[in-house]
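Novice: Numbering (this note's numbering), first residue to last: 382 to 717. The beta carbon of each residue, even a glycine, is placed where N, CA and C say it ideally should be. Following this message is one structure expressed as structure tokens.
Right, dumping it as structure tokens:
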């Protein structure tokens with residue numbers, strides 16, 4: 382069942398005023414610091430190092446707190462935003478570093494949760510957003526506040542804060558199973574997917590609004606310097622009695638082939654096409670992750686070219702100027 386659109390009656394609810402980040406109220410941080418701070422007497426280069434240490438985590442930061450807590454080393458994503466409550470100059474310097482260099486990580490569930498009654502192809506995340514970014518980023522209020530005309534959600538991230546970050550990673554990680562309603566994929570002796578399975582898989586993927594909602598959320602940002610999309614798919618293989626071999630590696634090879642074909646169909650069906658409407662991304666990288674071993678999955682040249690073409694569309698670059706002269710593939714190295 383397709384997800385219903387956000388309730389229009391929500392706009393009739395009382396508006397919500399959001400305090401600016403620097404209006405800290407915890408641990409006495411709301412107290413004004415002296416006008417001349419000893420910290421500001423440090424060389425600017427040293428202050429930048431301190432800002433990065435406090436506000437730019439070692440790893441891309443998950444919005445879903447439960448995902449962060451399940452990590453082996455959750456401290457790798459820890460930040461210390463209290464420094465933003467110093468004074469105007471410290472806030473200006475530190476926030477510029479945080480918004481331009483820290484990387485936020487999104488998952489499909491972070492978008493599915495925006496449509497509570499949706500029956501999408503993955504489960505929703507919990508406690509992510511404070512307001513629904515599909516409804517925009519609110520309007521400026523008095524004294525640096527932000528006013529939203531929609532009800533509060535149970536998360537922490539405000540849409541107007543998210544829109545300030547300039548680097549976003551999106552991990553499109555899908556592990557499809559029969560329990561999710563995804564059809565099993567059979568590969569014949571010619572290593573091709575049965576045509577009926579292709580149609581069933583396409584219809585199943587057509588249920589999702591994840592890419593459309595992701596595009597709307599990303600479009601709230603004035604400018605993204607880097608957008609990295611990591612696609613990883615594990616599909617359900619069907620048992621094919623025509624494939625038999627004494628090689629012990631055949632089952633694993635069969636599973637890998639099913640996953641590879643699932644990724645290629647994901648690309649062929651245009652599930653990523655909503656990304657073409659983005660106009661605010663400077664550099665885009667689309668990587669296909671190998672679910673079986675560390676590294677990238679090797680696709681057929683046709684599908685690699687389709688991804689490179691999509692990257693250029695996202696960046697709004699002229700393909701005639703960016704195309705290789707000899708027809709070879711160009712592999713760009715994304716930032717860490």
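Expressed to the nearest angstrom, what Euclidean distance is found between the alpha-carbon atoms of residue 432 and residue 607?
Specialist: If you draw a straight line from the Cα of residue 432 to the Cα of residue 607, it comes to about 21 Å.
Novice: What would DSSP say about residue 609, mapped onto helix, strand or coil?
Specialist: strand
Novice: Along the chain, which unbroken stretches of the beta strand (DSSP E) at least 3 residues long are found entirely within the region 525–570?
Specialist: 527–529 and 548–556
Novice: Taking just the CA atoms, how far does residue 512 sit from residue 446?
Specialist: 16 Å
Novice: Using a threshold of 8 Å, is the CB atom of residue 422 nearer than that to any non-hydrogen atom of the ligand NAP?
Specialist: By its list of ligands, the structure shown contains no ligand whatsoever, and the ligand NAP lies outside what it can speak to.
Novice: Counting pairs of Cβ atoms below 8 Å between the region 513–529 and the region 439–457, do you hit three or more?
Specialist: no
Novice: What's the gap between the Cα of residue 604 and the Cα of residue 525?
Specialist: Annotation: residue 604 to residue 525 spans about 21 Å, alpha carbon to alpha carbon.
Novice: Which of the three DSSP states, helix, strand or coil, is assigned to residue 665?
Specialist: strand
Novice: Distance check for residue 436 and residue 690, CA to CA, integer angstroms please.
Specialist: 35 Å
Novice: State yes or no: is the C-beta of residue 643 within less than 9 Å of the C-beta of residue 615?
Specialist: yes
Novice: Can you tell me which of the three DSSP states residue 479 falls into?
Specialist: helix
Novice: Label residue 684 either buried or exposed according to how many other C-beta atoms from any shown protein chain fall within 10 Å of its C-beta, with 16 as the threshold for buried.
Specialist: buried
Novice: Do you know how far the Cα of residue 471 is from the Cα of residue 687?
Specialist: 45 Å
Novice: Would you identify the three-state DSSP class for residue 520, choosing helix, strand or coil?
Specialist: strand
Novice: Looking only at its chain, what residues have a beta carbon closer than 7 Å to the beta carbon of residue 677, apart from the 5 residues adjacent to it on each side?
Specialist: 668, 669, 670 and 671
Novice: May I ask you to verify whether the region 534–554 touches the region 480–488, counting CB pairs closer than 8 Å and requiring at least 3?
Specialist: Taking a cut-off of 8 Å for Cβ pairs, the region 534–554 and the region 480–488 touch, as three or more such pairs fall below it.
Novice: Taking just the CA atoms, how far does residue 448 sit from residue 563?
Specialist: Distance between the alpha carbons of residue 563 and residue 448: 24 Å.
Novice: Grab the span of the beta strand (DSSP E) containing residue 429 for me, first residue to last.
Specialist: From DSSP, residue 429 is part of no beta strand (DSSP E) but of the alpha helix (DSSP H) over 425–436.
Novice: Tell me which residues share the same chain as residue 534 and place their Cβ nearer than 7 Å to its Cβ, disregarding the 5 neighbours each side in the sequence.
Specialist: The residues are 510, 511, 512 and 513.
Novice: When the Cα of residue 567 is compared with those of 579, 546, 523 and 419, which residue comes out closest?
Specialist: 579
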